[in-house]
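Below is one structure; the comments refer to it alone.
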DNA sequence: CTAGATAATACTTTATTCATAATTATGAGC
DNA sequence: GCTCATAATTATGAATAAAGTATTATCTAG
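Residue numbers (the working numbering), protein chains in the order written: chain U, 344 to 576; chain L, 344 to 576.
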């Protein structure tokens with residue numbers, strides 16, 4: 344894919360990646376103002392590459408640039424989530440459909456192997472590890488779909504979804520439920536039931552949205568103070 | 344991405360928009376090298392805002408940044424088109440589905456009014472005007488879907504598709520065929536046949552891909568350069 | 001005491017300058 | 001005469017500086 348881009352990555356890309364991680368970790372929470380010069384001297388670079396990195400992040404939707412006002416981490420509304428999850432269901436559903444049709448027996452075996460950690464970490468109750476294994480499985484499916492642009496679009500939306508806290512898996516029973524959905528999905532794929540796999544993937548995503556909504560409903564949305572960057576050392 | 348920028352847009356955004364138009368007009372054709380300093384002094388600005396604009400365009404996929412090598416207008420391969428069009432069919436199909444279900448009678452009337460120019464310009468054989476009217480109709484449908492992120496993703500992909508020449512409508516009979524497809528689509532929407540509208544929209548997009556393929560097959564019987572363009576994020 | 005206006009401060013934005021890396025051209029050697 | 005290596009030129013990438021705009025705080029007037 345990246346034919347000539349094997350050369351050393353530009354500084355602004357490195358910075359963009361580091362900022363992404365800090366945003367995903369909620370070290371830079373949604374709504375937080377991004378202090379350019381503080382961040383620049385923290386990274387030991389000038390503000391120029393930092394600003395270029397912010398342009399990239401803005402195009403990805405992770406931050407919002409307000410002209411003459413500065414840069415803020417994007418805040419997702421419930422409305423946004425209600426828009427994005429069905430869209431992801433559509434796209435990842437298509438992935439499941441295509442992958443079911445195109446996967447070779449060897450690839451099917453690899454996919455099955457990727458499912459095993461899900462079983463293990465669900466049994467162990469390790470939500471973080473389950474989350475990672477879940478991501479790996481979904482990514483593999485996207486790879487098997489064979490459509491680079493489909494994968495790209497899903498990846499972009501997933502980045503945006505990472506703005507929300509990932510603790511929906513800690514909802515009572517959600518881990519087990521998600522595992523059950525994955526079992527059904529894998530079974531449909533292995534049975535070469537493309538339409539079934541698509542439907543199960545869609546249900547899986549929408550079920551994830553429902554879990555998130557339950558979390559948000561439970562947490563009191565009274566005060567959401569958008570604090571600035573938390574100091575950590 | 345999208346902020347409520349009622350204030351004056353930043354210079355780099357203006358530059359990005361002007362470059363977009365030049366790219367879409369093929370004044371900067373796919374594969375063309377973008378000369379930063381030449382363009383900067385042509386616009387009477389410094390290289391800094393120009394470079395920031397290029398970062399935005401790179402995130403949109405319109406240009407490809409090769410570290411230490413410069414910036415080039417993205418070239419789409421046939422493979423890319425084979426990936427993107429089915430994806431657009433899926434997304435715009437969903438738009439048609441949702442819009443059919445959600446549109447009020449008044450909105451339905453407005454949509455019907457937007458269809459009229461298509462009839463007129465098809466009869467007049469004005470491919471450019473037909474293209475514009477077609478875009479307007481599709482955008483209205485995306486608006487009616489009520490899903491801002493769906494609209495956003497479609498818009499992003501449409502930008503990329505604008506990298507290709509828009510002369511597929513000049514293919515013998517394509518104008519008439521496209522009109523027929525639109526008639527069927529509108530009829531399904533007005534009949535509140537959401538599934539039918541979705542199917543017709545999907546067929547419409549795939550039909551557009553086929554027309555483009557026919558153009559390319561006719562124009563390039565010799566060697567295809569097929570520079571593959573990788574997307575990064 | 002409150003509200004509005006002005007001034008000051010701070011941050012974004014753009015420009016200019018400098019350094020580094022890549023490519024091309026020229027010269028020399030085989 | 002052709003190929004390879006080295007040097008020079010050009011363009012990209014980063015940093016620093018300067019300017020313009022927005023926001024906030026303070027002071028004055030009603």
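Where a beta carbon is used, it is the ideal one built from N, C-alpha and C, also for glycine.
The residue among U:446, U:512, U:503, U:443 with its C-alpha nearest the C-alpha of residue 475 of chain U is U:512. Taking 4 residues as the minimum length, the alpha helix (DSSP H) runs contained wholly in the segment 351–388 of chain U are 354–367, 379–386, in order along the chain.
The DSSP-derived three-state label of residue 551 of chain L is helix. Under a 10 Å Cβ-count criterion, residue 398 of chain U is classified as buried, with 16 or more other Cβ atoms of the shown protein chains found around its own Cβ. For residue 394 of chain U, same chain residues with a beta-carbon under 7 Å away, outside a window of 5 residues either side, are 379 in chain order. Rounded to whole angstroms, the Cβ separation of residue 548 of chain L and residue 435 of chain L is 6 Å, and the two are in contact under 8 Å.
Only residues of its own chain outside the window of five on either side were considered, and among them 396, 399 have a CB closer than 8 Å to the CB of residue 356 of chain U, listed in chain order. Between residue 430 of chain U and chain L, the shortest Cβ-Cβ separation is below 8 Å. Counting other Cβ atoms within 10 Å of its Cβ, residue 551 of chain U reaches 16 or more and is therefore classed as buried. About 6 Å separates the beta carbons of residue 480 of chain L and residue 458 of chain L, which is inside the 8 Å limit, making them a contact pair. For residue 427 of chain U, the CB contacts under 7 Å within the same chain, skipping 5 residues up- and downstream, are 500, 503, 504 in chain order. One thing to note: residue 483 of chain L has its Cβ no nearer than 8 Å to the Cβ of residue 518 of chain L. Put simply, the CB of residue 416 of chain U is far from chain L, with every gap to its CB atoms at 8 Å or more.
Of the candidates U:524, U:377, U:468, U:377 places its Cα closest to the Cα of residue 362 of chain U.
Within chain U, 426, 430 have C-beta atoms less than 8 Å from the C-beta of residue 493 of chain L, given in sequence order. For residue 498 of chain L, the uninterrupted alpha helix (DSSP H) segment begins and ends at 491–504. For residue 361 of chain U, no CB of chain L lies under 8 Å from its own CB, so it is not counted at the interface with that chain. Within 10 angstroms of the beta-carbon of residue 424 of chain U lie 16 or more other beta-carbons, which makes it buried. Secondary structure within the segment 388–427 of chain U: the beta strand (DSSP E) runs of 3 or more consecutive residues, fully enclosed, are 406–409, 413–416 (chain order). Counted as a single uninterrupted DSSP element, the alpha helix (DSSP H) harbouring residue 453 of chain U occupies residues 448–467. Your pair residue 438 of chain U and residue 389 of chain U does not check out as a contact, with CB atoms roughly 41 Å apart and the cut at 8 Å.
Across the set U:392, U:493, U:516, the C-alpha of U:392 shows the shortest separation from the C-alpha of residue 360 of chain U. In terms of Cβ geometry, residue 461 of chain U and residue 533 of chain U do not form a close pair [threshold 8 Å].
Note on residue 538 of chain U: under 16 other CB atoms within 10 angstroms of its CB, so exposed under the neighbour-count rule. Excluding sequence positions up to five before and after residue 557 of chain U, its CB lies within less than 7 Å of the CB of 514, all in the same chain and listed in chain order. Contact residues of the segment 395–409 of chain L toward chain U are 395, 398, 399, 401, 402, 403, 408, 409 (C-beta to C-beta distance below 8 Å).
Assignment of residue 527 of chain L by DSSP, reduced to helix, strand and coil, places it in the helix class. In the three-state reduction of the DSSP assignment, residue 443 of chain U falls in the helix class. Residue environment: residue 541 of chain U is assigned as buried (16 or more neighbouring CB atoms within 10 Å of its CB, all protein chains considered). Residues of chain L with a Cβ closer than 8 Å to the Cβ of residue 433 of chain U are, in chain order, 433, 434, 437. Taking a contact as a CB-CB distance under 8 Å, the pair residue 416 of chain L and residue 354 of chain L does not count as one, their CB atoms being some 21 Å apart. Around the Cβ of residue 447 of chain U, a 10 Å sphere holds fewer than 16 other Cβ atoms; the residue is exposed.
Cβ proximity to chain U below 7 Å picks out 490, 491, 492, 493, 496 from the segment 483–508 of chain L. Bounds of the alpha helix (DSSP H) holding residue 484 of chain L are 470–488. For the C-beta of residue 353 of chain U, the chain L residues within less than 7 Å are, from N- to C-terminus, 410.
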